[in-house]
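Numbering (my numbering), first residue to last: 1 to 419.
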């Protein structure tokens, strides 16, 4: 018999369900006992991935036959559905003396759109809206609804209802795509749709209901849901951090980014599309800033979104500009979104936080991506609200359940102007 760890924290809180596989009596197949598992979700990775290892002795012959690649699967934590997806791989390993283990691996329901290509003959007219383009690209993969806000999906994953503190203005999904678009050779369906939405300052991710695609921006203007504590001020009685990996870095931090686009003249030097943005992580004095602005009177310098937090500044002894050219930007709005994204790549490197906790729940909620968590980390000298970029739920043999979180500063992931 394979080794089964029968006393981890939160035993039974994690489950995988096969909604289309029914046992006698019409009950859907479900597993709650695992030798090991991993579930990975990153906001910037287009498809969640997971792996569950089960003692073969816990699986009947009928169940083993019923579990096949492309079988639909739901991952649940603490009674809340986290994702819907499909089985990619099934592996059985072991021997007669130690027993056998079946490992089921898969990804979320949007993974087929990541794997396959968009029809290269497709043409999307400038009269089409972003919503129409996304629906046409993702229609074959089971999408039935689009959302421009993640609040409902976030509440469904955590099981706790939190409202949105500020109402969004505008309807970005109703905006037209401005010029005809066609896929590149060998371009994936998700890659193409994401290329379209990023031009409008939007990102795409699948909702946990298995049918809704969210097309929006990270929500930095929301209430705090969780707390992480690693401090000796109260004797450590409220500490809940098991391990920490925090890195603050000034590498790759330009003082200013100046961009040009393809439109309005074509080539780099002739383009009339220009934008700039100052890096809040770099401390330059007002005189140096004024010199840059005066040197480029034709450039529109962009403002950071209101939800961007104050960044600790690194004093830069000399000029450190970036001059970037984007052939994909055919109008000013697209170039501005590109400029924001380039700044994001820098800001995310300025602070990288990884925390590991026991279990998968804080404040009686599964920890979800696109939420705000309050951090009081005394050894790292880090206090304040951070945004959850990624989560990794795991369990290993003879170990308890753990969650590894990747956190960034609110406002350091910007796809474009806030709507």
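C-beta atoms are modelled at their ideal positions from N, C-alpha and C, and glycine is treated no differently.
| Check | Outcome |
| --- | --- |
| Nearest to residue 283 (by Cα), restricted to the options 274, 250 and 261 | 250 |
| Nonlocal neighbours in the same chain, by C-beta distance under 8 angstroms from residue 2, ignoring five residues either side | At residue 2, the pLDDT of 40 sits below 50, so the modelled position is not reliable; the number obtained from the coordinates is stated separately. The answer, listed in chain order, is 35, 55, 56, 57, 94, 98, 99, 100 and 101. |
| Spatial neighbours of residue 300 in its chain, beta-carbon cut-off 6 angstroms, leaving aside the 5 residues before and after | 275 |
| Residue 50 - partner residues in DSSP beta bridges | 39 and 106 |
| Other residues of its chain near residue 227: CB distance less than 6 angstroms, five sequence neighbours each side excluded | 374 |
| Between the CA atoms of residue 14 and residue 402 - distance to the nearest angstrom | 12 angstroms |
| Distance CB(residue 77)-CB(residue 31) smaller than 9 angstroms | no |
| Whole-angstrom distance between residue 204 and residue 128, CA atom to CA atom | 18 angstroms |
| For residue 253, three-class secondary structure by DSSP | coil |
| Through-space distance from residue 23 to residue 220, alpha-carbon basis | 44 angstroms |
| Distance, residue 207 Cα to residue 345 Cα | 25 angstroms |
| Endpoints, the beta strand (DSSP E) within which residue 353 is located | 351–358 |
| Beta-bridge partners of residue 146, as assigned by DSSP | 213 |
| Cβ pair residue 136, residue 393 closer than 9 angstroms | no |
| Residue burial classification, residue 395 (beta-carbon count within 10 angstroms, cutoff 16) | buried |
| Cutoff 6 angstroms; reference residue 16; Cβ partners in own chain excluding five residues on either side | 31, 52, 73 and 75 |
| Delimiting residues of the beta strand (DSSP E) encompassing residue 130 | It is not in any beta strand (DSSP E) - residue 130 instead sits in the alpha helix (DSSP H) that spans 130–138. |
| Distance, residue 330 Cα to residue 196 Cα | 12 angstroms |
| Test item: CB-CB of residue 18 and residue 29 under 9 angstroms | yes |
| Rounded Cβ spacing between residue 103 and residue 87 (contact assumed at less than 8 angstroms) | Actually they do not touch by this definition, with Cβ atoms about 11 angstroms apart. |
| Contacting residues, own chain, Cβ-Cβ under 6 angstroms from residue 390 (five flanking each side not counted) | 42 and 406 |
| Residue 323 versus residue 184: straight-line alpha-carbon distance, rounded | 26 angstroms |
| Buried or exposed (CB count within 10 angstroms, at least 16 for buried), residue 414 | buried |
| Beta-carbon contacts of residue 177 that lie in its chain and below 7 angstroms, excluding the five residues immediately before and after | 124, 126, 128, 130, 133 and 196 |
| Among 378, 224, 109 and 33, the one whose alpha carbon lies nearest that of residue 162 | 224 |
| Alpha-carbon spacing of residue 380 relative to residue 189, whole angstroms | 42 angstroms |
| Reduced DSSP category for residue 198 - H, G, I as helix; E, B as strand; rest coil | helix |
| Proximal residues to residue 217 (C-beta, below 6 angstroms), its chain only, five neighbours per side dropped | 415 |
| Three-state secondary structure (DSSP) of residue 394 | strand |
| Cβ shell of residue 64 (< 8 angstroms), same chain only, five flanking positions each side left out | 56 and 102 |
| Cα-Cα separation between residue 294 and residue 370, rounded to whole angstroms | 38 angstroms |
| Distance between residue 182 and residue 363 (C-alpha atoms, nearest Å) | 46 angstroms |
| Assigned secondary structure, residue 451 (DSSP; H/G/I helix, E/B strand, else coil) | Here the chain comprises residues numbered 1 to 419, so residue 451 is not present and cannot be evaluated. |
| Local Cβ density within 10 Å of residue 198, reported as buried at 16 or more and exposed below that | buried |
| Residue 89 beta carbon less than 9 angstroms from that of residue 230 | no |
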